[in-house]
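J.: Position 175 of the sequence shown, counting from 1, maps to 254 under my numbering, and the rest follow consecutively.
By construction, the Cβ of each residue, glycine as well, lies at the ideal position given by its N, Cα and C atoms.
Source: prediction; values computed, not measured.
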Amino acid sequence: MKLPKDILTIPQLSRQNIERILFEAFKFKEYRGAPKARDQVLEGKSIALIFEKNSLRTRVAFEAAVSYLGGHPIFLAGDNILYRAKSDTSRESIGDITQNLDRLAHGIAARVNNHKSLTDIAGYSKNPVINLLCDEHHPTQALADLMTIQWHKGKTNGMKVAFIGDGNNVATSLMDICAVMGMDFSIASPAGYEIPKKFQDIAKTIISQTNSKLEFITDPKKAASLADVIYTDTFVSMGDEAESKKRALDFKTYQVTTEIMRCAKSDAIFMHCLPAHRGDEVAAEVMDSKQSVVFDQAECRLHIAKALLYLLYK
Ligand code: CP
Ligand code: NVA
Numbered sequence: 080m081k082l083p084k085d086i087l088t089i090p091q092l093s094r095q096n097i098e099r100i101l102f103e104a105f106k107f108k109e110y111r112g113a114p115k116a117r118d119q120v121l122e123g124k125s126i127a128l129i130f131e132k133n134s135l136r137t138r139v140a141f142e143a144a145v146s147y148l149g150g151h152p153i154f155l156a157g158d159n160i161l162y163r164a165k166s167d168t169s170r171e172s173i174g175d176i177t178q179n180l181d182r183l184a185h186g187i188a189a190r191v192n193n194h195k196s197l198t199d200i201a202g203y204s205k206n207p208v209i210n211l212l213c214d215e216h217h218p219t220q221a222l223a224d225l226m227t228i229q230w231h232k233g234k235t236n237g238m239k240v241a242f243i244g245d246g247n248n249v250a251t252s253l254m255d256i257c258a259v260m261g262m263d264f265s266i267a268s269p270a271g272y273e274i275p276k277k278f279q280d281i282a283k284t285i286i287s288q289t290n291s292k293l294e295f296i297t298d299p300k301k302a303a304s305l306a307d308v309i310y311t312d313t314f315v316s317m318g319d320e321a322e323s324k325k326r327a328l329d330f331k332t333y334q335v336t337t338e339i340m341r342c343a344k345s346d347a348i349f350m351h352c353l354p355a356h357r358g359d360e361v362a363a364e365v366m367d368s369k370q371s372v373v374f375d376q377a378e379c380r381l382h383i384a385k386a387l388l389y390l391l392y393k
């Protein structure tokens, strides 16, 4: 099944789309040699990679994936190019930037502060647009997360994923992919830090077609109970830095500890999108335990980037 032109959120993808992305990603995982001729789908093409926020994994995964597929990645720091509505340093509107990039490159992947920037870019762009993280979603992360679960558990069907912490972009996309794939998802967040209701409602609509369960609670132990996957992310996302002190207090009892891991199944895995903060959202002994698959998860970012671009441009 053909992918949509733009990959901005997980619910835009069907279960068949996601299964195909994972199928291709596992092929890329198995084959780590010199690029194959069939993979050169970006030969003669350039992909603009816009980053309004910092990145290690996403930038490296996408730059490497574009190169592997025979294309040329062009890194653009958001600060240098983007329109800033109320600033003297504003340069160009998103519409003009996109229409230029449509002539100069063959696709845009962007990490932005506000999701609306992505829908604006996608509205102007004739070429594919990929969301590399925004304030609301992190779809390429969720695809890599699903791949990691398949890698370590041998299946995704029937799995219970428990997220402990902030109902942020990573949690939203993880919930979304669990809903589309028919997996159970339970999240424990302090009051005031839940996944936004509008996204909960979209996921609830999706699961009305599947057999999965969604749970939105405040008790980390209950969320972790008999889970196959325990997942957390930073309590202070990029853009939330001004709230750091308040968040440290509000999330005090939400650290993933050995005690939390004991509530899950004995063969549960620990996942984190990274960057991680040992001693904040995760105890060092969990992060560095045998149950932790965080670096395999980071590796999957590369396989998913290749698979997505391959399917969009083949
Ligand atoms: N997980 C993730 O998106 O990492 P980066 O912010 O380093 O890209
Ligand atoms: N929630 C984090 C994820 C970083 C990969 C953030 O938005 O900063």
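Would S265 count as contacting chain B if we go by Cβ distances under 7 Å?
T.: Absent from the structure is chain B; it holds one protein chain and no more.
J.: Does DSSP classify P218 as helix, strand or coil?
T.: Helix at P218.
J.: Can you give me the start and stop residues for the alpha helix (DSSP H) that H382 sits inside?
T.: Segment V373 to Y392, the alpha helix (DSSP H) holding H382.
J.: Could you check if M366 belongs to the surroundings of ligand 2, using beta carbon to heavy atom distance under 6 Å?
T.: Not so, every heavy atom of ligand 2 lies at least 6 Å from the Cβ.
J.: According to DSSP, simplified to helix, strand and coil, what is L121?
T.: L121 falls in the coil class under three-state DSSP.
J.: So is the beta-carbon of L155 under 6 Å away from any non-hydrogen atom of ligand 1?
T.: Not under cutoff, so the answer is no.
J.: Since F130 and G112 should fall inside the 8 Å C-beta cutoff, what is the C-beta to C-beta distance between them, to a whole number of angstroms?
T.: About 29 Å separates the two Cβ atoms, so there is no contact after all.
J.: Where does the unbroken beta strand (DSSP E) through V259 begin, and where does it stop?
T.: That residue, V259, is in no beta strand (DSSP E); its alpha helix (DSSP H) goes N248 to M260.
J.: With DSSP as the reference, label Y272 as helix, strand or coil.
T.: Three-state result, Y272: coil.
J.: In terms of alpha-carbon separation, which member of F154, H216, R170 and D175 lies closest to A188?
T.: Among F154, H216, R170 and D175, the Cα nearest to that of A188 belongs to F154.
J.: Can we count S196 as close to ligand 3, meaning its CB is less than 6 Å from some heavy atom?
T.: Ligand 3 is not among the ligands present in this structure, which contains only ligand 1 and ligand 2.
J.: Is DSSP giving R190 helix, strand or coil here?
T.: It is a strand residue.
J.: Where do the N-terminal and C-terminal ends of the alpha helix (DSSP H) with N96 fall, by residue?
T.: Residues R94 to E109.
J.: What does the alpha-carbon distance come out to for the pair P207 and G186?
T.: One C-alpha to the other measures close to 5 Å.
J.: May I ask you to check if the CB of L135 is nearer than 6 Å to at least one heavy atom of ligand 1?
T.: Answer for L135: yes, Cβ within range of ligand 1.
J.: Confirm the yes/no value for this check: CB of C213, any heavy atom of ligand 1, distance under 6 Å.
T.: C213 Cβ: outside cutoff for every heavy atom of ligand 1.
J.: Starting from T177 and walking both ways along the beta strand (DSSP E), at which residues does that stretch end?
T.: Note, T177: premise wrong, no beta strand (DSSP E); alpha helix (DSSP H) at I173 to L183.
J.: Rounded to the nearest angstrom, what separates Q178 and E171 at their Cα positions?
T.: Rounded to whole angstroms, Q178 to E171 spans 11 Å at the Cα level.
J.: Grouping DSSP H, G and I as helix and E and B as strand, with all else coil, what is D146?
T.: The sequence as given places Ser at residue 146; Asp does not occur at that position. Three-state DSSP puts S146 in a helix.
J.: Would A104 pass as a contact of A386 if the rule is Cβ separation under 7 Å?
T.: In contact: A104 and A386 (Cβ atoms closer than 7 Å).
J.: Going by DSSP, what residues sit across from Y310 in a beta bridge?
T.: F242 and M350.
J.: What I want to know is whether the C-beta of M350 ends up closer than 6 Å to one or more non-hydrogen atoms of ligand 2.
T.: Because no heavy atom of ligand 2 lies under 6 Å away, the Cβ of M350 does not count as near it: no.
J.: Just the C-alpha distance for L135 and E294, rounded to the nearest angstrom, thanks.
T.: Going by the C-alpha atoms only, they are around 31 Å apart.
J.: For L328, name the three-state secondary structure that DSSP assigns.
T.: Residue state, collapsed to three classes: helix.
J.: Please name the residue in A343, D175 and G233 whose C-alpha comes closest to that of I243.
T.: If we check each option's Cα against that of I243, A343 comes out closest.
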